[in-house]
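Q:
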Amino acid sequence: MLSLKKGSLIRDLWDQRSSECTPEQRQWQEAAHKSWKALLKSRDGREVKDYVSSLRNGDVERHCWLVSQEDSVVAGQQMSPQLLCARAFRWPDLESTAELHRLDQEAAVCPSGGDSSAGRSDGLVCCSPYHFARVIPTEEEPLRPGGDGRTLWNTERTTLPDHHGRRAVQTVALPSSGGASGDSAISVSVSDLGASLTADSAEYSSLTTDSRSSGARSRRSCSRDTPVITRSVSSSPWMMVRYGEFNTRVGRIEQVSAARMEVFYRGDDESAMPTPDPSSVYALNLRTIRNRDRARGVEDRQRKVGRGFLLWRKSFQAVYLYNRSQYSVYVQSPTLSQPGGQQKVHKIQSGRSFKIFDRARANQVRRWYERNEGGVPRTLDLQYCRISLTSSWGHENPRHPTLFDCHCWFEVHFTFPQESS
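With the first letter of the sequence shown counted as 1, position 6 gets the number 6 in full-length UniProt numbering; the numbers rise by one all the way through.
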């Protein structure tokens, strides 16, 4: 028999379940209520109270929901506690745990380590739906056969001002006549991005963050009024990141050597997100990046980022993005599309994870260019990715035909070594 207080807390927690349901999904939730209640009956009332508090104050990732690993039967379907909770609280249309990715180990969101196979000895498993991401399958189509050797790329040089007012050269790939059309026309492919970031990083690291000296260098100056929350020190970054607003690069180059990077917006009055551990994460709070010439609407768009997104690497072979925000994030990379053709912009909805870079795929694409076009075009960086916050772009989007029409975006370069030919 549950105590009145504990029973009330369990009801309060159940009230936080997903409300965006079809009538059939709502009927399933009603059928699942009894099984879900049984999962928590052995937990201490203080634990249940912590679960309720974390959902109410927005710190949904703080606590693990630890329960026994016992399958339940709901509406004639046998399901694990992880599937039951994820379907009830986040994704009513979820069909299988195969669609879920636990955010432990490299992502380091689930503090319990997941289950007994990951180091737990008490037989309990974490079934918090906020310690899982819903996986977006990567459509790695076989590379198409090479054509007549005619390159599909032509280049036009466009300049973007950086945060010191210099004219930073950016190469924008355009389709040649009779070649690919559409999104490739706005696909920014900077072959020398990695080299330029590396060369610039020494200069940026030596610059003072004092706003007066920054302003003396240029009218178009941007600085950080407070330091970024955490920084991990290493001589060998695996990722370099540059932030921009519309057609201007803003702030310094972020060199990431920690296994993961968090990007978010948190004001002084917000305490829901705990301060990350600097030994394991590189954290970037967008509020700390200042732009004196910031366009209207950019700060509002930054605030929408909220909990933002998480980037992490897996064994230096792949990079994943998990969208913590309530709004979609958009990603484009040469390795996520067929070489020589249109580059797709991929939508990553809230709560989804997506493999945005695969080293093996990048090497396959590089070898395709070497076989069919004599080498990778100068305008392509195969270890390059672009991310836009809350706004898509492309030829089908008249308001944002290019990345530089978006309010907030990132250029990302991965420094993984390439395979020899």
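Don't be surprised by glycine CBs; every beta carbon is placed ideally from N, CA and C.
Pick helix, strand or coil for F89, following the three-state DSSP scheme.
A: helix
Q: Please report how far the alpha carbon of S257 lies from the alpha carbon of S35, in whole angstroms.
A: 44 Å
Q: For T138, which of helix, strand or coil comes out of DSSP?
A: coil
Q: Is L311 helix, strand or coil when you go by DSSP?
A: strand
Q: Distance check for Q255 and H413, CA to CA, integer angstroms please.
A: 10 Å
Q: Could you tell me the alpha carbon to alpha carbon distance between A32 and Q77, rounded to whole angstroms?
A: Rounded to whole angstroms, A32 to Q77 spans 10 Å at the Cα level.
Q: Excluding the five sequence neighbours on either side, which residues of its own chain have a C-beta within less than 8 Å of the C-beta of S96, listed in chain order?
A: L83
Q: Thinking P129 and C85 are a contact (beta carbons under 8 Å), I'd like their distance in whole angstroms, please.
A: 5 Å
Q: Could you give the DSSP three-state label for Y130: helix, strand or coil?
A: helix
Q: Where P401 and L9 are concerned, what is the direct C-alpha to C-alpha distance, given to the nearest angstrom?
A: 49 Å
Q: Quick check on R62 - is its C-beta less than 7 Å from some C-beta in chain D?
A: Absent here is chain D; the protein component of the structure consists of one chain.
Q: Going by C-alpha distance, which of H395, I289, M261 and N285 is nearest E245?
A: I289
Q: With distances taken from CA atoms, which of S53, C110 and L100 is nearest P137?
A: Comparing Cα-Cα distances from P137 to each of S53, C110 and L100, the minimum goes to L100.
Q: Where do the N-terminal and C-terminal ends of the beta strand (DSSP E) with D358 fall, by residue?
A: R352 to D358
Q: Please list the terminal residues of the continuous alpha helix (DSSP H) segment that includes K304.
A: V298 to V305
Q: Please say whether V376 and Y369 have beta carbons closer to each other than 7 Å?
A: yes
Q: For N285, name the three-state secondary structure that DSSP assigns.
A: strand
Q: Could you tell me whether the segment 336-347 touches the segment 297-311, using the rule of 3 or more Cβ pairs below 8 Å?
A: As far as the Cβ criterion goes, the segment 336-347 does not touch the segment 297-311, which means the pair count is below three.
Q: Who are the near neighbours of R301 in its chain, counting only those whose CB is closer than 7 Å to its CB and skipping five residues on each side?
A: Correct list, in chain order: L389, T390, H407 and C408.
Q: Under DSSP, the beta strand (DSSP E) around A38 begins and ends at which residues?
A: Segment P23 to L40 is the alpha helix (DSSP H) holding A38; no beta strand (DSSP E) there.
Q: What number of angstroms, rounded off, separates the C-alpha of P23 from the C-alpha of K41?
A: 28 Å
Q: Quick check: R366 and L380, are their CB atoms within less than 7 Å of each other?
A: no
Q: Could you tell me the boundaries of the alpha helix (DSSP H) in which Y51 lies?
A: G45 to R56
Q: Measuring only the C-alpha atoms, how far is R90 from V67?
A: Distance from the CA of R90 to the CA of V67, rounded to the nearest whole angstrom, comes to 18 Å.
Q: I'd like to check one pair, P92 with S18: are the Cβ atoms closer than 7 Å?
A: yes
Q: Do W28 and A98 come within 7 Å of each other at the CB atom, strictly closer than that value?
A: no
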